Amino acid sequence: MRPRCEVAERRPGGQAREGFEVRDEGSDHEVSALWHQGRFFGALAAATRQQARDGENYASHAMIAKIESALGLRVRAAVSWASAMRFAEDQPEAHVALGSLAFEEGNVARAKELYGNALSLSPEFVPALVSLSVACLHTNDFDAARRYASSALRVQPGLPEALLCRARAEVACGNLNLAEMDITRLQQDNYRPDEVRLLECDLSRQRGDYEVALCVAAELCDSYPAAQDPLTAFRRGFLEFRKAAPDRFRDFAEALELVPAPMSNDRLELNISPSGINRRAGRVGQVDVIVPVHNAPEAVDDCLSAVLRHATDTIAKIILVDDASDPETVGRMRRLAARDKRIETIRLETRVGFTRALGAGLVQSKAPYFVALNSDTIVPTGWLDRLRDGFETRPDVAMVGPMSNNAAWQNVFPVFDNLGTFAVRDIDPTDLSTAFAQAEVTTPGFVPTPLVHGFCAMVDRQVFDLVGGLDAEAFPEGYGEFQDLSIRLRQQGKICLVASDCLVWHARGASISARRRGALSERARGVLYRKYSALNYLFIEMEACANEALDTLRDRLEPCLRGIGKQP
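Note that this note's numbering has the sequence shown beginning at 49, numbered continuously upward.
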């Protein structure tokens with residue numbers, strides 16, 4: 049929620065901007081008409097012509113500033129508001145508008161100062177009161193947020209923006225009955241229904257109505273796959289529910305469709321004999337390593353050099369799938385292929401995306417097991433044997449993945465950052481391996497997980513084919529395809545494991561931009577929500593993220609990792 053600014057116009061695309069209005073008065077008629085026609089830049093040009101014709105004054109600069117602000121031209125809007133204030137410094141509207149611009153730039157302290165200036169000019173100026181309430185919510189000053197919102201409501205009873213601010217503050221302060229009264233009023237007014245539902249989710253969680261909280265959060269996630277707030281609300285509710293009411297939590301989990309009973313977090317230790325690992329079943333033979341590649345030649349060089357450096361007789365083939373890479377990357381792959389006769393290269397003339405590129409590699413793979421490996425990874429000594437050993441623990445293992453610096457629920461660091469998103473650490477591979485060694489994570493161990501991350505995964509080919517492989521139609525460019533595979537394997541009674549003593553470094557998205565990565569991730573969530581329902585998928589994902597056995601390992605690693613790497 050943005051601080052309220054009285055200039056209430058419309059944003060491009062027809063979305064009403066909070067607190068904005070376009071006045072249709074006198075000489076403003078042309079500007080207003082263009083605005084309501086959706087010709088926003090035309091309105092700006094008309095306002096500029098009008099100012100040139102009639103002369104500069106507070107009103108002309110303010111009108112231009114309002115349009116510029118609504119168009120997202122924040123720097124120009126700030127200049128125009130400053131020009132307006134040369135004619136009338138005592139206009140609280142201008143101070144609130146400048147405060148809103150500062151808030152949008154992340155300068156909350158400056159925004160509060162400007163809102164305070166507006167109140168000093170007009171103590172009952174409602175836009176300033178509401179904006180201060182929003183700013184205080186942003187800084188977790190909930191008592192102040194409640195006071196400012198209540199002051200606004202005394203001046204303008206029933207104002208929805210103020211009711212929403214106060215309800216948020218009351219929930220944060222634990223005044224749940226008071227919050228419910230404001231929420232009920234907002235629901236009656238149908239004001240921002242989705243924001244109010246999110247607040248209702250928080251209210252239910254604090255009251256211990258976890259089932260309601262999770263269902264509401266999941267519905268909002270389904271409606272807005274790109275939104276972080278409902279996702280964070282679900283994650284928080286899941287963790288609190290499991291801790292506060294474990295019996296109810298288990299009953300709720302077992303009632304979900306498509307989700308088997310929660311998996312045990314017990315660590316599976318290998319059967320160790322005096323001569324080493326007892327592979328009595330002799331299940332795993334040779335393995336093909338398949339690496340889809342699209343550009344990023346330096347990352348590809350590092351990845352394949354590490355694979356070759358640590359290669360053993362376990363590897364039958366290393367299949368490089370060139371997904372329409374640039375000439376430099378193609379040259380790197382050719383030079384690397386000349387180093388080992390096991391390397392095969394497949395050239396795709398048109399880019400098809402990770403999932404289809406991996407599928408092209410699988411056509412050439414004949415080994416009973418394969419590893420899907422991202423081209424921006426660096427593998428350590430013994431990595432393949434550690435993954436392979438997971439299949440020797442029990443006959444129903446279908447897929448095994450390693451730990452990493454950047455693999456969501458398989459992170460060696462805490463899974464989530466302070467914002468509730470998946471944590472990412474910028475850390476040197478050598479430093480990470482050193483910390484892992486210092487923690488003496490050497491005893492072979494495997495932890496059941498409902499999901500295996502697709503950056504590096506060893507898969508039983510027979511079972512893979514049995515469940516239909518990867519869904520290249522739903523996930524053509526990757527992102528979500530291995531979550532989907534993990535769930536389908538689990539539905540067939542198979543299990544997935546994390547090899548807790550295997551660490552594979554992952555750069556994340558070396559061949560794709562952050563913007564594209566975000567779009568693909570959002571799309572994948574939407575597909576997974578539709579396929580399994582948001583509630584089911586989110587529950588499975590959180591079961592992977594809140595894996596108690598892996599959390600124990602993270603606690604053990606934390607002293608060795610402290611101070612290593614940067615949190616972006």
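For each residue, glycine too, the CB sits at the ideal point set by N, CA and C.
Note that the structure is a prediction, hence the values are computed from the model and not measured.
- request: Specify the secondary structure class of Thr-187 as computed by DSSP and reduced to three states.
  value: Here Thr-187 carries a coil assignment [DSSP, helix/strand/coil].
- request: Please decide whether His-501 counts as near chain B, where near means a Cβ-Cβ distance under 9 Å.
  value: Note that chain B does not occur in the displayed structure, where there is just one protein chain.
query: In chain order, which alpha helix (DSSP H) runs of at least 4 residues are fully inside the region 504–586?
result: Those alpha helix (DSSP H) runs which fall completely within the region 504–586 and span 4+ residues are 509–514, 529–539 and 562–580.
- prompt: So, Gly-206 versus Arg-240, is the Cβ gap smaller than 9 Å?
  reply: Cβ atoms of Gly-206 and Arg-240: not closer than 9 Å.
message: Taking DSSP's pairing of strands, which residues face Val-369 in a bridge?
response: The partner list for Val-369 (beta bridge, DSSP) reads Pro-340 and Ile-394.
message: Between the alpha carbons of Glu-116 and Leu-92, how many angstroms are there, rounded?
response: Here the C-alpha atom of Glu-116 lies approximately 7 Å from the C-alpha atom of Leu-92.
- prompt: Applying the criterion that 16 or more other CB atoms from any shown protein chain within 10 Å of the CB defines a buried residue, is Pro-496 buried or exposed?
  reply: Looking at its Cβ environment, which holds 16 or more other Cβ atoms inside 10 Å, Pro-496 is buried.
- request: State buried or exposed for Gly-222, treating a residue as buried only when at least 16 other CB atoms are found within 10 Å of its CB.
  value: Gly-222 should be labelled exposed.
- request: Give the C-beta separation of Val-369 and Ala-408 to the nearest angstrom, bearing in mind that I take them to be a contact with Cβ-Cβ under 8 Å.
  value: At roughly 5 Å, the Cβ-Cβ gap stays under 8 Å, so Val-369 and Ala-408 are in contact.
query: For Pro-273, which of helix, strand or coil comes out of DSSP?
result: Looking at Pro-273 - three-state DSSP - the assignment turns out to be coil, as it is neither helix nor strand.
Separation of Phe-470 from Ala-456, as counted between CA atoms: Each residue's CA atom was taken as its position, placing Ala-456 and Phe-470 some 6 Å apart.
message: Quick check on the burial criterion: 16 or more other C-beta atoms within 10 angstroms. Buried or exposed for Ser-530?
response: A small fix is needed here, since residue 530 is Phe in this sequence, not Ser. Buried: at least 16 other Cβ atoms inside 10 Å.
- prompt: For Val-348, which of helix, strand or coil comes out of DSSP?
  reply: Val-348 falls in the helix class under three-state DSSP.
Cut-off 7 Å between Cβ atoms - residues of its own chain near Phe-641, not counting five sequence neighbours on either side: The first residue shown for the chain is 49 and the last is 616, placing residue 641 beyond what the model contains.
task: Starting from Thr-627, trace the alpha helix (DSSP H) both ways and give me its first and last residue.
output: Since the first residue shown for the chain is 49 and the last is 616, residue 627 is missing from the structure and cannot be characterised.
- request: Return yes when the C-beta of Leu-180 is under 8 Å from any heavy atom of the ligand COA, and no when it is not.
  value: Among the components modelled here there is no ligand, and therefore nothing to report on the ligand COA.
query: Looking only at its own chain, which residues have a Cβ that is under 6 Å from the Cβ of Ala-142, when we skip the five neighbours before and after it?
result: Cβ within range, chain order: Trp-129, Ala-132 and Met-133.
message: Which residue marks the beginning of the beta strand (DSSP E) containing Tyr-163, and which one marks its end?
response: First-last for Tyr-163: 156–169, but that is the alpha helix (DSSP H), not the beta strand (DSSP E).
Separation of Val-445 from Arg-399, as counted between CA atoms: Cα-Cα distance, rounded: 33 Å.
DSSP three-state assignment for Thr-425, whether helix, strand or coil: Look at Thr-425 here: in three-state DSSP terms it is strand.
message: How far does the beta strand (DSSP E) with Gly-449 in it extend, from its first residue to its last?
response: Per DSSP, the unbroken beta strand (DSSP E) holding Gly-449 starts and ends at 445–451.
query: Since Gly-493 is in the beta strand (DSSP E), which residue starts that stretch and which ends it?
result: Counting along the chain, Gly-493 sits inside the beta strand (DSSP E) bounded by residues 493–497.
- request: Consult DSSP for Phe-135 and reduce its assignment to one of helix, strand or coil.
  value: Correct three-state label for Phe-135: coil.
message: Relative to the C-alpha of Arg-383, which candidate in Arg-538, Arg-97 and Ser-353 has its C-alpha closest?
response: Ranking the options by Cα distance to Arg-383, first place goes to Ser-353.
field: Closest Cα partner of Gln-334 within the set Ala-415, Ala-483 and Arg-284
entry: Closest by alpha carbon: Ala-415.
- prompt: Can you give the beta carbon distance from Pro-278 to Glu-570, rounded, assuming they're within the 8 Å contact cut?
  reply: No, Pro-278 and Glu-570 are not in contact; Cβ-Cβ is about 13 Å, not under 8 Å.
message: So for Asp-479, helix, strand or coil by DSSP?
response: DSSP places Asp-479 in helix when its eight states are reduced to three.
query: With C-beta atoms as the reference, is Asp-336 less than 9 Å away from Ala-359?
result: Contact: no.
task: Give the DSSP-derived three-state secondary structure of Asp-474 in the structure shown.
output: Three-state result, Asp-474: strand.
message: One question on the structure: do Pro-428 and Leu-551 come within less than 9 Å of each other, judged by their Cβ atoms?
response: Cβ distance < 9 Å, so Pro-428 and Leu-551 count as in contact.
- prompt: Is the Cβ-Cβ distance between Asn-453 and Leu-421 less than 9 Å?
  reply: It is not a contact, given that the beta carbons lie outside the stated cut-off.
message: If you reduce the DSSP assignment to three classes, tell me which class Val-460 lands in.
response: Shown here, Val-460 sits in coil according to DSSP, grouped into three states, outside any helix or strand.
query: Roughly how many angstroms lie between the CA atoms of Ala-597 and Phe-461, to the nearest whole one?
result: Ala-597 and Phe-461 have their C-alpha atoms roughly 14 Å apart.
query: Below 8 Å, can you find three or more Cβ-Cβ pairs linking the region 526–540 to the region 499–509?
result: Contact between the region 526–540 and the region 499–509 is present, because at least three Cβ pairs lie under 8 Å.
- prompt: Are the beta-carbon atoms belonging to Ala-348 and Arg-380 less than 9 Å from one another?
  reply: Position check: residue 348 holds Val in this sequence, whereas Ala was assumed. For Val-348 and Arg-380, yes; Cβs fall inside 9 Å.
query: Taking Cβ to Cβ, would you say Leu-432 is nearer than 9 Å to Thr-362?
result: Annotated as proximal: Leu-432 and Thr-362, with beta-carbon spacing under 9 Å.
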